[in-house]
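Participant: Dumping the structure here so I can ask a few things about it.
Protein chains: 2
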Amino acid sequence: MPVNLPLPVADQLLPVAGVRLGTAEAGVRKQGRRDLTLIELATGSRVAGVFTQNAYCAAPVRVCRQHLARSGGMRALVINTGIANAGTGAQGVENSLQSCHAVAELLGVPVDAVLPFSTGVILEHLPVERLTAALPAAKSALKADGWFDACHAIMTTDTQPKCTSRQLQIGGKTVTITGMSKGAGMIRPNMATMLGFIATDANIEQPVLDALVKDVADESFNSITVDGDTSTNDSFVLIATGASGAPAITLCEGVDYQALRAALVDLAQWLAQGMVRDGEGATKFMSIVIESGKDRAECRQIAYSVAHSPLVKTAFFASDPNLGRILCAIGYAGVADLDVDKIRVWLGDGKEEVLVAEKGGRAAAYLEEDGVRVMKSPEIIVRVDLARGQAAATVWTCDFSYDYVKINADYRS
Amino acid sequence: MPVNLPLPVADQLLPVAGVRLGTAEAGVRKQGRRDLTLIELATGSRVAGVFTQNAYCAAPVRVCRQHLARSGGMRALVINTGIANAGTGAQGVENSLQSCHAVAELLGVPVDAVLPFSTGVILEHLPVERLTAALPAAKSALKADGWFDACHAIMTTDTQPKCTSRQLQIGGKTVTITGMSKGAGMIRPNMATMLGFIATDANIEQPVLDALVKDVADESFNSITVDGDTSTNDSFVLIATGASGAPAITLCEGVDYQALRAALVDLAQWLAQGMVRDGEGATKFMSIVIESGKDRAECRQIAYSVAHSPLVKTAFFASDPNLGRILCAIGYAGVADLDVDKIRVWLGDGKEEVLVAEKGGRAAAYLEEDGVRVMKSPEIIVRVDLARGQAAATVWTCDFSYDYVKINADYRS
């Protein structure tokens, strides 16, 4: 069961002007479930994306990168679950392109204005015929308030959908942002991938959108980890239709830009944290906050060292304030010249915070009972002060439970 | 239960001329167990060591580094279990020095000719009085064939001791090497550390010994992982007493040097692999062999990426030939410009080997039943050909089981 993750409520998911979504049953891998999502974008929509750095990147990721390099606007996204179309060589790229062709023909748009996304089992070929046969049904289902259906249709082994909306004012116009994501490990039992889609009717020029997608990803999807495994299919795209009528955002500065950026980061963090809250076997949601570092890179390096340590993660599963493991993970993060005599570490639950380590060891005033009390919370904050600079970074992760092993040791179904 | 790890047999552990070992009950943390080991070295003995890179390195590691910087020979090692003396600040260093002083006085040797080692619980102070009170008993117990007792006395939560011997001829003289190690995760439930001790009566000049300890560690203790956690106390020392009467090894070249190096690497690999075989909750012993890389560094990077992946480790626990996870871990290792179309991957059990991946995906001739058959073995070899150079590296690891979580989620006893 996810850690403090509210279910989406259909009428709280706001339509984004210029975006219509439709779902259908294609039977990609199993019958009787909606496994195909079509997203149609109004003329003039702009899209920017960030994708997995995995050398074994999936065929749809290759095609997305290629199509996003075109100069014209994007018109459609096609998303299937069941099969990830990863580790499928040249045939995989061909299959992914064929699904784009089918969408292009159906909607009357250029083939390179279509972006494909796949998630599911690796090393299996996409059944393109079944997928394209279901496209007309997905087209018929297209509607502006299709987010609720779509966030269900992109799930694989997520235990619940993740979708939410935000609104803000730009130049006197209401701008809406709605986003959805899926993924519960970076890679599930042989099921690949995190996918994230955020659409807004704000008018954002392409260079600004390209910068925003990286910034937003850095502070959200690139700041989480369940098991440290980076999937072959990870993709996050940011869509701006411009249909709100709000004035264009042309520079990465100014009040409107800052407000929009903050809303996007807020929404993306909600989605990203939602994936951790729904992480495989998760029973705790942990925020690893590293402060007063020399630069953001070293703060992230230490945060990930703590967040990836199986020993820290199993201790948190056991609600054990095991300081030794946390200090140890800070110490082996590979950051040069750390002065452990100056480092301070706190454990908190959002209500209270306990100083647990200072001067190279346990804090003088620390009482085990205080640590134990804080660790009982399902939401735990590990805060570390490096005392060597002004930079900070936060990484969100979950604990490591019996269920993580159970889920991942189960033979592929 | 360890994976294919033979128990030491007392009369197969060969004494090393110039080395005497004694154990005693100091009651460092618990009563009724031998937790103190004293090793006395003959005059003229030389020692070289490699230690943890963890910024929170333990007090005895700091003292060891300091004492090894002296010009004279080493005369004694003192090892305690129960408490790691890590995360203990200035008081920890003082305590470690005090135990060296007590040994120095007892044996009549200089204090900086004594090397201290501790392993056990982190963040607790060493009870120096109890430790020094037991030193006379350890001294009375000193004997040349004390390896069997010592390899038991340095254990913490290891399920069995690791100790073995080798012999070779140098200049017509028989040279003996005996070594022991402890550790079953890089760090156990709050129990720190891997310790490794190898002694030989070969005559090895200090510069050669200094180079050898790094080489040997690189090919053994630095090529294993259980959970990726690098402890605060990890230490490996190589002792050369010179008491065999064999001619001195003065250069890192020549037939004698090569034979000695090979024997040391062989013994150290046996000890290092023994720690993996006795890894927390281990049911499989896995060798990750990366070949035809550009350099050893990138081969190790990929090998560790596979060896650390919780998804690969849980799949191996399940005897599941889950190729997607292996390819994925190769792909996200962070090695630039990997051409996945050229990479080939085999799974083997030491008797047969099955080509499972090529051309960016599943091998054309691969049958799942072949993979399943190989994966049933408790000894599994993952071999990867990167097809881009002449370098190679091997990393040894174990699987991730329910018992790993159980062992590490148990509250500190």
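Protein chains in written order, with this note's numbering: chain A, 250 to 662; chain B, 250 to 662.
Every residue, glycine too, gets a C-beta built ideally from N, C-alpha and C.
Expressed to the nearest angstrom, what Euclidean distance is found between the alpha-carbon atoms of valine 342 of chain A and valine 377 of chain A?
Facilitator: Walking along the first sequence from the start, residue 342 of chain A turns up at place 93. Walking along the first sequence from the start, residue 377 of chain A turns up at place 128. C-alpha separation (whole angstroms): 11 Å.
Participant: What are the boundary residues of the alpha helix (DSSP H) that cysteine 400 of chain A is part of?
Facilitator: For the purposes of this step, residue 400 of chain A is taken as the residue at position 151 of the first sequence. Segment 396-402, the alpha helix (DSSP H) holding cysteine 400 of chain A.
Participant: Our contact map puts valine 525 of chain B next to isoleucine 537 of chain B with C-beta atoms below 8 Å; I'd like the distance itself, whole angstroms only.
Facilitator: The residue given as residue 525 of chain B occupies position 276 in the second sequence. The residue given as residue 537 of chain B occupies position 288 in the second sequence. Wrong, their Cβ atoms sit about 11 Å apart, outside the cutoff.
Participant: Taking the straight line between their C-alpha atoms, what separation do you get for alanine 399 of chain A and glutamate 502 of chain A?
Facilitator: Working through the first sequence from its first residue, we reach residue 399 of chain A at position 150. Working through the first sequence from its first residue, we reach residue 502 of chain A at position 253. Rounded to the nearest angstrom, the two C-alpha atoms are 33 Å apart.
Participant: In the structure shown, what three-state DSSP assignment does phenylalanine 649 of chain B receive?
Facilitator: For the purposes of this step, residue 649 of chain B is identified with residue 400 of the second sequence, where counting begins at 1. Coil.
Participant: Taking all protein chains shown into account, do 16 or more other C-beta atoms lie within 10 angstroms of the C-beta of valine 258 of chain A, making it buried, or fewer, making it exposed?
Facilitator: On the first sequence, position 9 is the one that residue 258 of chain A refers to. Exposed: under 16 other Cβ atoms inside 10 Å.
Participant: List in chain order: all unbroken alpha helix (DSSP H) runs of 4+ residues lying wholly within the region 421-476 of chain B.
Facilitator: Taking only runs of at least 4 residues, the alpha helix (DSSP H) segments lying wholly in the region 421-476 of chain B are 455-467.
Participant: For the alpha helix (DSSP H) that alanine 386 of chain B lies in, which residues bound it at each end?
Facilitator: In the second sequence, the residue the question calls residue 386 of chain B occupies position 137. Taken as a continuous stretch (DSSP letters only), the alpha helix (DSSP H) holding alanine 386 of chain B covers 377-389.
Participant: Can you find a C-beta in chain B that's less than 8 Å from the C-beta of lysine 533 of chain A?
Facilitator: Here the question's residue 533 of chain A lines up with position 284 in the first sequence. No, lysine 533 of chain A does not count as interfacial toward chain B.
Participant: Closest by CA to asparagine 571 of chain A, which one among A:Tyr615, A:Asp586 and A:Gln550?
Facilitator: Counted from its first residue, the first sequence places residue 571 of chain A at position 322. Nearest of A:Tyr615, A:Asp586 and A:Gln550 to asparagine 571 of chain A, Cα basis: A:Tyr615.
Participant: For glycine 321 of chain B and arginine 278 of chain B, which I take to be in contact (beta-carbon distance under 8 Å), what is that distance rounded to the nearest angstrom?
Facilitator: Start at 1 with the first residue of the second sequence, and residue 321 of chain B comes out as number 72. Start at 1 with the first residue of the second sequence, and residue 278 of chain B comes out as number 29. The Cβ separation is near 33 Å, so there is no contact.
Participant: Do we get a CB-CB distance below 8 Å when we pair glutamine 347 of chain B with the residues of chain A?
Facilitator: The residue labelled residue 347 of chain B in the question sits at position 98 within the second sequence. Cβ-Cβ to chain A under 8 Å: no for glutamine 347 of chain B.
Participant: Mind listing the chain B neighbours of isoleucine 498 of chain A? Cutoff is C-beta to C-beta under 9 Å, in chain order.
Facilitator: Indexing the first sequence from 1 puts residue 498 of chain A at position 249. Ordered by position in chain B, no residue passes the 9 Å Cβ test against isoleucine 498 of chain A, which lies about 34 Å from the chain.
Participant: Would you mind stating whether glutamate 540 of chain B and valine 603 of chain B have Cβ atoms separated by less than 8 Å?
Facilitator: Translated into the one-based positions of the second sequence, residue 540 of chain B becomes position 291. Translated into the one-based positions of the second sequence, residue 603 of chain B becomes position 354. Against a cut-off of 8 Å, the Cβ pair of valine 603 of chain B and glutamate 540 of chain B comes out as no contact.
Participant: Looking at the structure shown, is methionine 535 of chain B part of a helix, part of a strand, or coil, going by DSSP?
Facilitator: Translated into the one-based positions of the second sequence, residue 535 of chain B becomes position 286. Looking at methionine 535 of chain B - three-state DSSP - the assignment turns out to be strand.
Participant: Is it buried or exposed for glutamine 261 of chain A, if we count other Cβ within 10 angstroms and need 16 for buried?
Facilitator: Along the first sequence, read from residue 1 onward, the residue named residue 261 of chain A stands at position 12. Burial call: exposed.
Participant: Report the rounded CA-to-CA distance for threonine 643 of chain B versus leucine 560 of chain B, giving the unit in angstroms.
Facilitator: Within the second sequence, numbered from 1, the residue matching residue 643 of chain B stands at position 394. Within the second sequence, numbered from 1, the residue matching residue 560 of chain B stands at position 311. If I take the Cα positions, the gap works out to 20 Å.
Participant: Would DSSP call proline 365 of chain A helix, strand or coil?
Facilitator: In the first sequence, the residue the question calls residue 365 of chain A occupies position 116. Reduced to three states, the DSSP call for proline 365 of chain A is strand.
Participant: Indicate whether glutamine 340 of chain B and histidine 374 of chain B have their beta-carbon atoms separated by less than 8 Å.
Facilitator: On the second sequence, position 91 is the one that residue 340 of chain B refers to. On the second sequence, position 125 is the one that residue 374 of chain B refers to. Contact: yes.
Participant: In terms of residues, what are the limits of the alpha helix (DSSP H) holding threonine 563 of chain B?
Facilitator: For the purposes of this step, residue 563 of chain B is identified with residue 314 of the second sequence, where counting begins at 1. Residues 559-566.
Participant: For histidine 401 of chain B, which option in B:Asp598, B:Ala495 and B:Thr286 has the closest C-alpha, if you only look at C-alpha atoms?
Facilitator: In the second sequence, counting from the first residue as 1, residue 401 of chain B sits at position 152. Selected option, being the one with the closest Cα: B:Thr286.
Participant: Following the continuous alpha helix (DSSP H) through glutamate 343 of chain A, name the residue where it begins and the one where it ends.
Facilitator: Position 94 of the first sequence holds residue 343 of chain A. Here the alpha helix (DSSP H) through glutamate 343 of chain A covers 338-356.
Participant: Would you say lysine 608 of chain B faces chain A, with C-beta separation under 8 Å as the test?
Facilitator: As a working mapping, residue 608 of chain B is identified with position 359 in the second sequence. So yes, lysine 608 of chain B belongs to the interface.
Participant: Does the Cβ of lysine 562 of chain A have 16 or more other Cβ atoms within 10 Å, making it buried, or fewer, making it exposed?
Facilitator: The residue you call residue 562 of chain A lines up with position 313 of the first sequence. Answer is buried; the Cβ neighbour count reaches 16.
Participant: Output needed for arginine 593 of chain B: all residues of its chain with C-beta closer than 6 Å, excluding positions within five of it in sequence on either side, in chain order.
Facilitator: Position 344 of the second sequence, counting from 1, holds the residue named residue 593 of chain B. Answer for arginine 593 of chain B: Glu607 and Asp634, listed in chain order.
Participant: Three-state secondary structure (DSSP) at leucine 256 of chain B?
Facilitator: If you number the second sequence from 1, residue 256 of chain B lands on position 7. Leucine 256 of chain B: coil per DSSP, three-state reduction.
Participant: Apply the 10 Å Cβ neighbour rule to methionine 323 of chain B and answer buried if 16 or more other Cβ atoms are within range, or exposed otherwise.
Facilitator: Reading the second sequence from its first residue, position 74 is the one you call residue 323 of chain B. With 16 or more other Cβ atoms within 10 Å, it is buried.
Participant: Mind checking if phenylalanine 470 of chain B is an interface residue toward chain A, Cβ cutoff 8 Å exclusive?
Facilitator: Along the second sequence, one-based indexing puts residue 470 of chain B at 221. So no, phenylalanine 470 of chain B is outside the interface.
Participant: Output yes if chain B places a C-beta closer than 8 Å to the C-beta of threonine 481 of chain A; else output no.
Facilitator: The count along the first sequence starts at 1 and reaches residue 481 of chain A at position 232. Chain B contact via Cβ: present.
Participant: Going by beta carbon distance, what residues of the same chain come within less than 6 Å of serine 662 of chain B, once the five residues before and after it are set aside?
Facilitator: For the purposes of this step, residue 662 of chain B is taken as the residue at position 413 of the second sequence. Any answer about serine 662 of chain B is weak, because its pLDDT of 38 lies below 50 and its placement is not dependable; what the coordinates show is given next. Hits under 6 Å: none found.
Participant: Whose C-beta lies closer than 7 Å to the C-beta of glutamine 518 of chain B among residues of the same chain, with five residues either side of it excluded?
Facilitator: For the purposes of this step, residue 518 of chain B is identified with residue 269 of the second sequence, where counting begins at 1. Same-chain partners within the cutoff: Glu468 and Ser469.
Participant: Would you mind telling me which residues of chain A sit closer than 8 Å to threonine 337 of chain B, beta carbon to beta carbon, in chain order?
Facilitator: As a working mapping, residue 337 of chain B is identified with position 88 in the second sequence. Gly609 and Gly610, listed in chain order.
Participant: Can you find a C-beta in chain B that's less than 8 Å from the C-beta of threonine 330 of chain A?
Facilitator: Taking the first residue of the first sequence as position 1, residue 330 of chain A is located at position 81. So, not an interface residue.
Participant: By the DSSP assignment, the alpha helix (DSSP H) with glycine 638 of chain B in it spans what residues?
Facilitator: Counting from one through the second sequence, the residue named residue 638 of chain B turns up at place 389. It is not in any alpha helix (DSSP H) - glycine 638 of chain B carries neither H nor E in the DSSP assignment.
Participant: Quick one, are the C-beta atoms of alanine 497 of chain A and glutamate 547 of chain A less than 8 Å apart?
Facilitator: Start at 1 with the first residue of the first sequence, and residue 497 of chain A comes out as number 248. Start at 1 with the first residue of the first sequence, and residue 547 of chain A comes out as number 298. It is not a contact, given that the beta carbons lie outside the stated cut-off.
Participant: Please classify proline 410 of chain B: is it buried, with 16 or more other beta-carbons within 10 angstroms of its beta-carbon, or exposed?
Facilitator: Residue 410 of chain B sits at position 161 when you count from the first residue of the second sequence. Buried, because 16 or more other Cβ atoms sit within 10 Å of the Cβ of proline 410 of chain B.
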